[in-house]
DNA sequence: TCTATTTAGGTACTTAAATTCCTAAATAGA
DNA sequence: TCTATTTAGGAATTTAAGTACCTAAATAGA
């Protein structure tokens, strides 16, 4: 793997799927169609959207002609929000390696990792569904 | 997990261990002592240093009073080199999610991820063992 | 009302990466 | 030469993510 930035397949699916849904508004889209368009695993995508739905980002409707639609305006959905729902909440300012105790008094990374983490956070926050 | 930047425990152990060794020059240090000072898993650290040794970054000596020592000057060892030995070679310019094909013509991340990846790469490259 | 469709949710399986375990090989020192 | 120490290397285990499977619940449309 050569991913310097930690974004799971699931979070990527969420973003890409939501972009399609945003573009397709005001019509709903179901998992089958989304998976086909994204050339992705249908079951995985279904699980991801189940979580987005539980978190209130999308509304779901079952049955024929059912599917998912945005539950808020595309301008109000940032990738940060998506990321935190699917992957995990971002904690800035802590050790970027997740260590509580460190043998070195001053971080040997000299806050460079925190600088970059903040950059990533800000970038994720700026990325809105409506930009795509 | 809340690590935005993908640095494995192994790569972190490698960096922290090498810093200790650099500071302790010209004396060797063995895995047992290193693990104690870093408060880390001895077996894992051993495996990591086995790989650093195979890659030529450190020299090893077995037996009593054995251990590891740097195989090149601390100024010439960057965290980038350590990272690429332990985690993986960094490929810039490719899809930061590792996708070969994308349904969107232009990356929906609008090269922001590539910008950050390049920043990380440059930062890793600037970090030398002698800085610590 | 019945049926086909679609999401919900729990469980199980698969895979790759990370980590640990175990035995062999080397070597310093007694 | 013998023993204790230390790294080497392969195998095994653990863990987490991704994926699949199955049944239930909802609902639109016939």
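Chains as they are written, first to last, in my numbering: chain A, 1 to 132; chain B, 1001 to 1132.
Heads up, the beta-carbon is just placed ideally off N, CA and C, and yes, glycines get one too.
Given the structure is predicted, the values throughout are model-derived calculations rather than measurements.
Query, Result
"Are there three or more Cβ pairs, one per stretch, closer than 8 Å when the segment 64-76 of chain A is compared with the segment 106-121 of chain A?", "no"
"Answer yes or no: does any C-beta atom of chain A fall closer than 8 Å to that of residue 1078/B?", "no"
"Taking all protein chains shown into account, do 16 or more other C-beta atoms lie within 10 angstroms of the C-beta of residue 124/A, making it buried, or fewer, making it exposed?", "buried"
"Which of helix, strand or coil does DSSP assign to residue 69/A?", "strand"
"Taking the continuous alpha helix (DSSP H) assigned at residue 1015/B, which residues delimit it?", "1009-1024"
"Which runs of the beta strand (DSSP E) fall wholly inside the segment 1034-1091 of chain B and span at least 3 residues, in chain order?", "1058-1061, 1067-1070"
"Quick one: grab the DSSP three-state call for residue 108/A.", "coil"
"Assess, as a yes-or-no matter, whether the segment 84-98 of chain A is touched by the segment 27-47 of chain A under the definition of 3 or more beta carbon pairs within less than 8 Å.", "no"
"Determine whether the beta carbon atoms of residue 8/A and residue 86/A lie at a separation below 8 Å.", "yes"
"Show which residues of chain B have a CB atom less than 8 Å away from the CB atom of residue 16/A.", "1103, 1104, 1108"
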